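In this note's numbering, the protein residues as written are 234 to 631.
Glycine included, C-beta positions come from ideal geometry on N, C-alpha and C.
Computed from a prediction, not measured in an experiment: that's the story for all the values here.
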Amino acid sequence: MAGSEHIPHGALKGVKVLDLSRILAGPTCTQLLGDLGATVIKVENPKSGGDDTRQWGPPYVKDADGNDTDMSAYFMSANRNKRSVAIDIATPEGQQTILRMAAQADILIENFKPGGLKKYGLDYASLREKLPGLIYCSISGYGQTGPNASKPGYDLMAQAYGGIMSLTGEPEGAPMKVGVGIADVMCGMYATVGILAALRHQEKTGEGQQVDVALVDSQIAWLISEGVNYLTSGQVPERRGNGHPNIVPYDLYQTTNGHVIVAVGNDSQFGRFMEFLGPAGLAEDPRFANNPGRLQNREALDDILIPAMKRFSTQDIIKGLEARKVPVGPVKNLQEVFASDQVAARNMQIDMQSEAGPVQLIGNPLQFSRTPVTYRHAPRRCGADSDEILSSDTPFEV
Numbered sequence: 234m235a236g237s238e239h240i241p242h243g244a245l246k247g248v249k250v251l252d253l254s255r256i257l258a259g260p261t262c263t264q265l266l267g268d269l270g271a272t273v274i275k276v277e278n279p280k281s282g283g284d285d286t287r288q289w290g291p292p293y294v295k296d297a298d299g300n301d302t303d304m305s306a307y308f309m310s311a312n313r314n315k316r317s318v319a320i321d322i323a324t325p326e327g328q329q330t331i332l333r334m335a336a337q338a339d340i341l342i343e344n345f346k347p348g349g350l351k352k353y354g355l356d357y358a359s360l361r362e363k364l365p366g367l368i369y370c371s372i373s374g375y376g377q378t379g380p381n382a383s384k385p386g387y388d389l390m391a392q393a394y395g396g397i398m399s400l401t402g403e404p405e406g407a408p409m410k411v412g413v414g415i416a417d418v419m420c421g422m423y424a425t426v427g428i429l430a431a432l433r434h435q436e437k438t439g440e441g442q443q444v445d446v447a448l449v450d451s452q453i454a455w456l457i458s459e460g461v462n463y464l465t466s467g468q469v470p471e472r473r474g475n476g477h478p479n480i481v482p483y484d485l486y487q488t489t490n491g492h493v494i495v496a497v498g499n500d501s502q503f504g505r506f507m508e509f510l511g512p513a514g515l516a517e518d519p520r521f522a523n524n525p526g527r528l529q530n531r532e533a534l535d536d537i538l539i540p541a542m543k544r545f546s547t548q549d550i551i552k553g554l555e556a557r558k559v560p561v562g563p564v565k566n567l568q569e570v571f572a573s574d575q576v577a578a579r580n581m582q583i584d585m586q587s588e589a590g591p592v593q594l595i596g597n598p599l600q601f602s603r604t605p606v607t608y609r610h611a612p613r614r615c616g617a618d619s620d621e622i623l624s625s626d627t628p629f630e631v
């Protein structure tokens with residue numbers, strides 16, 4: 234079909250990104266921009282050994298002699314498709330180098346504490362006068378304004394302050410964080426969306442701007458339905474473990490040999506669920522015939538469903554409910570996830586060649602018909618590209 238062939242360089246080819254961020258939120262953003270074709274130069278502090286997460290291991294990539302390198306698995310998860318230069322921005326020489334590179338960049342991303350770059354002349358107010366077309370993205374714990382702006386921010390803090398921990402965990406247990414740094418990751422994704430919108434404006438007008446993104450704001454934004462449930466009702470939500478606040482049954486169930494999830498989204502699905510599970514007539518019971526009733530009578534329904542599900546194996550439940558088109562599925566561990574045919578079909582595990590040898594990484598989930606994601610640079614050792622890039626008059630073209 235005409236026009237169906239891939240354009241190999243990605244939609245953001247030619248976009249230049251100067252990355253002054255570290256840890257996870259900023260690097261998640263810049264990796265995504267790099268995957269989409271942007272040229273990303275990552276600036277790392279040589280005095281500290283680079284990005285903090287280089288030391289967040291084990292596991293680490295081993296060198297040819299079997300020794301740990303500075304590439305932890307954590308660091309590699311958010312730092313492909315970038316080049317690494319080591320620059321000490323606390324020195325006048327380092328500041329001049331950053332200014333020279335910023336003058337050639339379309340986007341600068343930083344996650345210093347608000348005001349932390351002012352003493353180096355690298356804050357937004359300073360650069361706006363010199364580089365009016367620059368998109369300057371600032372990522373911080375609480376944002377550039379507000380009473381908590383000066384406080385440092387980490388993912389755990391954001392999950393606690395922003396409310397998601399109060400919703401996560403078993404009803405009688407302690408508040409629980411999500412198992413990965415999801416506040417950081419989502420902040421990085423919001424930052425990417427903001428940058429792409431600012432890039433659209435820049436391309437139309439030549440005008441840059443600051444994009445101010447906070448971990449806590451991002452986490453509050455993705456409270457989504459639970460947040461609006463509270464705002465609408467005034468009732469503080471309870472922890473429900475794996476249960477859903479607005480849909481029943483939508484939960485994890487124990488089977489004879491493990492666990493299974495069932496996600497009944499409407500009344501007809503509930504009827505088909507009951508065809509498989511029994512007991513007869515339960516779908517017509519006035520307490521359970523519609524979702525509002527099932528919500529009101531959640532505990533009574535659980536008293537029936539939980540022991541009934543324990544009579545079947547995980548495999549039998551999945552087979553029976555899939556045949557009836559009721560959403561159902563297994564709970565996979567990571568070995569099972571990455572061994573699955575679905576991961577292979579969607580290229581969600583990729584192999585790259587790093588300086589230390591082959592590495593396996595998680596693929597980008599975006600699938601494009603014309604401008605696919607590309608994997609051009611494996612995660613780099615700290616400062617691996619310093620000599621080549623810093624000696625060039627056009628560092629983003631190296």
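Cβ distance (whole Å) where residue i is taken to contact residue j below 8 angstroms
| i | j | result |
| --- | --- | --- |
| residue 261 | residue 422 | 7 angstroms |
| residue 254 | residue 340 | Between residue 340 and residue 254 the Cβ distance is about 11 angstroms, and since that is not below 8 angstroms, they are no contact. |
| residue 493 | residue 482 | About 12 angstroms; that fails the 8 angstroms criterion. |
| residue 320 | residue 355 | That belief does not hold up - the Cβ atoms of residue 320 and residue 355 are roughly 11 angstroms apart, past 8 angstroms. |
| residue 589 | residue 296 | 5 angstroms |
| residue 613 | residue 317 | 4 angstroms |
| residue 585 | residue 592 | 5 angstroms |
| residue 448 | residue 504 | Contact flag wrong, Cβ pair sits at about 43 angstroms. |
| residue 403 | residue 474 | 5 angstroms |
| residue 562 | residue 581 | Contact flag wrong, Cβ pair sits at about 17 angstroms. |
| residue 470 | residue 534 | Not quite, the Cβ-Cβ distance comes to about 19 angstroms (not below 8 angstroms), so this is no contact. |
| residue 377 | residue 298 | So it is not a contact: roughly 46 angstroms between Cβ atoms. |
| residue 554 | residue 509 | 6 angstroms |
| residue 290 | residue 307 | 7 angstroms |
| residue 452 | residue 419 | 7 angstroms |
| residue 703 | residue 599 | This structure gives no information on residue 703, because the portion of the chain shown stretches from 234 to 631. |
| residue 480 | residue 460 | So it is not a contact: roughly 17 angstroms between Cβ atoms. |
Beta-carbon spacing of residue i, residue j below 7 angstroms
| i | j | result |
| --- | --- | --- |
| residue 256 | residue 286 | yes |
| residue 274 | residue 251 | yes |
| residue 249 | residue 629 | yes |
| residue 443 | residue 357 | yes |
| residue 520 | residue 526 | yes |
| residue 500 | residue 523 | yes |
| residue 272 | residue 342 | no |
| residue 547 | residue 616 | no |
Outcome for residue i when other beta-carbon atoms lying within 10 angstroms are tallied against a minimum of 16
| i | result |
| --- | --- |
| residue 439 | exposed |
| residue 348 | exposed |
| residue 424 | buried |
| residue 579 | exposed |
| residue 236 | Only weak support is given to the placement of residue 236: the predicted model assigns it a pLDDT of 46, under 50, and the value that follows is read from those uncertain coordinates. Exposed, because fewer than 16 other Cβ atoms sit within 10 Å of the Cβ of residue 236. |
| residue 234 | For residue 234, the pLDDT reaches just 34, beneath the cut-off of 50, and the residue's location in the model is therefore unreliable, although a value from the coordinates is still provided. With fewer than 16 other Cβ atoms within 10 Å, it is exposed. |
| residue 457 | exposed |
| residue 345 | buried |
| residue 552 | exposed |
| residue 351 | exposed |
| residue 243 | buried |
| residue 407 | exposed |
Neighbourhood of residue i by C-beta distance below 6 angstroms, restricted to the same chain and skipping five residues each side
| i | result |
| --- | --- |
| residue 560 | 496 |
| residue 388 | 414, 416, 417 |
| residue 198 | One cannot answer for residue 198 here, as it falls past the ends of the chain, which runs 234 to 631. |
Close Cβ partners of residue i (< 7 angstroms) along its chain, the five nearest in sequence each way excluded
| i | result |
| --- | --- |
| residue 241 | 607 |
| residue 543 | 487, 488, 489 |
| residue 328 | 322, 353, 354, 355 |
Contact test: residue i Cβ vs the ligand COA heavy atom, cutoff 6 angstroms
| i | result |
| --- | --- |
| residue 406 | This structure lacks the ligand COA, and indeed carries no ligand of any kind. |
Sequence-distant residues of its chain with Cβ nearer than 8 angstroms to residue i (five each side left out)
| i | result |
| --- | --- |
| residue 565 | 573 |
Q. Is the stretch 257-269 in contact with the stretch 596-611, if contact means three or more CB pairs nearer than 8 angstroms?
A. yes
Q.
So, does the stretch 300-316 touch the stretch 332-350, judging by three or more C-beta pairs under 8 angstroms?
A. no
Q. Is it true that the stretch 384-394 meets the stretch 462-476, where meeting means three or more beta-carbon pairs spaced less than 8 angstroms apart?
A. no
Q) Does the count of Cβ pairs from the stretch 352-369 and the stretch 433-450 closer than 8 angstroms reach three? A) yes
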